[in-house]
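Engineer:
In our numbering, the protein residues as written are 263 to 764.
1) Look at residue 348 and residue 307 and say whether their C-beta atoms are less than 8 angstroms apart.
2) Where are the alpha helix (DSSP H) runs, 4 residues long or more, that stay fully inside the region 300 to 371, in chain order?
3) According to the Cβ coordinates, are residue 686 and residue 703 closer than 8 angstroms?
4) With distances taken from CA atoms, which of 343, 327, 334 and 663 is nearest residue 312?
5) On the criterion of 16 or more Cβ atoms from any shown chain inside 10 Å, does residue 260 qualify as buried, or is it exposed?
6) Assuming residue 372 contacts residue 358 under a Cβ cut-off of 8 angstroms, what Cβ separation, rounded to an integer in Å, is found between them?
7) Between which residues of its own chain and residue 664 is the CB-CB distance below 7 angstroms, once the five residues before and five after are set aside?
8) Just the C-alpha distance for residue 325 and residue 298, rounded to the nearest angstrom, thanks.
9) Distance, Cα to Cα, residue 490 vs residue 476?
10) Within 10 angstroms of the Cβ of residue 767, are there 16 or more other Cβ atoms? Answer buried if so, exposed if not.
11) Taking 8 angstroms as the threshold, find out whether the region 709 to 721 comes into contact with the region 743 to 752 through three or more Cβ pairs.
12) What first and last residue would you give for the beta strand (DSSP E) that runs through residue 406?
13) Would you grab the beta carbon distance between residue 760 and residue 731 for me? Rounded to a whole angstrom, and I think it's under 8 angstroms.
14) Taking DSSP's pairing of strands, which residues face residue 753 in a bridge?
15) Since residue 701 is in the alpha helix (DSSP H), which residue starts that stretch and which ends it?
16) Which of helix, strand or coil does DSSP assign to residue 758?
17) Is the beta carbon of residue 670 sitting closer than 8 angstroms to the one on residue 753?
18) So, with DSSP's three-state summary, where would you put residue 663?
19) Specify, as a first and last residue, the run of the beta strand (DSSP E) that residue 737 falls within.
20) Could you give the distance in angstroms between the alpha-carbon of residue 479 and the alpha-carbon of residue 472?
21) By the 10 Å Cβ neighbour count, where 16 or more other Cβ atoms means buried, how is residue 661 classified, buried or exposed?
22) Figure out for me which residue from 315, 705 and 701 has the closest Cα to the Cα of residue 756.
Below you can see the structure in the form of structure tokens.
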């Protein structure tokens, strides 16, 4: 936009310079233009010169009713040198109008210069009659310039003697005045014939527009380069900010590989399971038979290894194992085999002794075989928990705390039991010792305190919520907040989201 205003300003100044001085000011409607006024002044001057030099017949050649250009063409070829001695030095060059802004001041300047040049003639100054006629012309020009009074024909005066008339005719170039004042005759410039106003006006205008276009193009290229550089800089800064806010990629943890059991251990586990199933079936009350017989398909094993046949069975009722009060220490296969041998006489399994093929066991339909109740726990191989799994199995610890001060729960204010000012429940996870979660307590006393007597902005430091528009019955935590351990307590890392229910 600023380039548009700059170009408009340059174009306006260029047009002002191209216009002629007399066209800069507009003429009110009904008044003569500046050119018409100059025609009247020059016409009266030419008539005075012709009358003063004794050539009144030349007044008929003047074109006083036309334009300034027509008047100039009418006096160009006269013998009294009105054009070359007066008109061309004053009007042709236009130097007398420089520095003048109004038409009246320019017209006054033209009148003064004409009278001054006419008075500079020594022959005219020597004749009082000629000076009197010049004074009359000056008065007429002054009245026309100042008041707009029309200029009439100046009264002529016959020459005193014919000799003086002939001498005046012969010395007519000298009587005009400028040459006697020491003014040299300037060389008349050669003007092309038929030069139109279009060529005079649009040729400089096209040159100015071309130069202005080049200037604007240069400004546009420079501003475009600066804009592209700024845009590239902003893009790079934005990319750096995005990369800085991204979290570092998590280190990929290798998958946990579960060790596979050897064929010997797998066969021993299958044998123990079969024994446990036999014991459970033997506990069933008399007269109850299983709905499906136990089949013992023979698995494909190498011939060099004696393998006990795998027995699959579908029990009639689901077997519920006895609850384990605490984790027992891991048992080895030898101890399990020893316990099994103690519960069922005649069997002494051992890993060191070669295994003999065991025939399929079919539960008898008669009396049940008693079996110790703890054999099932010994038959199931123990599962050893790794350290991360054991840590995750630990339960989180809950603490009660009052409203935080400036987003900080003091460590001394956290208690294991509910206090009168405790309104938050804080959960400490041993797996994440540096983080904790919290929520608004659902105790009835806490809810009543928050809804009835607590300040309205008590939850603002640690919770996000929308102000209720109606009655509220309780406060529900939709999303737990996150705390981070700092020196002296826990700082609110992320506020909890609560909702007011009516």
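All residues carry an ideal CB built from backbone N, CA and C; glycine is no exception.
Structural biologist: Quick look at the numbers:
1) Cβ distance < 8 angstroms, so residue 348 and residue 307 count as in contact.
2) The qualifying runs are 330 to 337.
3) In this structure, residue 686 sits near residue 703, with a CB-CB distance shorter than 8 angstroms.
4) If we check each option's Cα against that of residue 312, 343 comes out closest.
5) Only positions 263 to 764 of the chain appear in the structure, and residue 260 is not among them; the question remains open.
6) Right, their Cβ atoms sit about 7 angstroms apart.
7) If you ignore the 5 residues before and after residue 664, its C-beta comes within less than 7 angstroms of the C-beta of 675, 683, 684 and 685, all in its own chain and listed in chain order.
8) Roughly 12 angstroms between the two C-alpha positions.
9) Rounded to the nearest angstrom, the gap between the Cα atoms of residue 490 and residue 476 is 21 angstroms.
10) The structure shown does not extend to residue 767, since the chain spans only 263 to 764, so no value can be given for it.
11) Flag = no, the region 709 to 721 and the region 743 to 752 do not touch.
12) Annotation: residue 406 is outside any beta strand (DSSP E); the continuous alpha helix (DSSP H) that includes it extends over 390 to 409.
13) Contact between residue 760 and residue 731 does not hold, since the beta-carbon distance rounds to 16 angstroms and is not under 8 angstroms.
14) BP columns for residue 753 point to 670 and 746.
15) Residue 701 -> not in any alpha helix (DSSP H); beta strand (DSSP E) instead, spanning 697 to 702.
16) Residue 758: strand per DSSP, three-state reduction.
17) Yes. Within cutoff.
18) In the structure shown, residue 663 falls within a strand segment according to DSSP collapsed to helix, strand and coil.
19) Taken as a continuous stretch (DSSP letters only), the beta strand (DSSP E) holding residue 737 covers 736 to 741.
20) The alpha-carbon atoms of residue 479 and residue 472 are separated by roughly 11 angstroms.
21) The residue is buried, with at least 16 neighbouring Cβ atoms inside 10 Å.
22) Proximity to residue 756 across 315, 705 and 701 peaks at 701, based on C-alpha coordinates.
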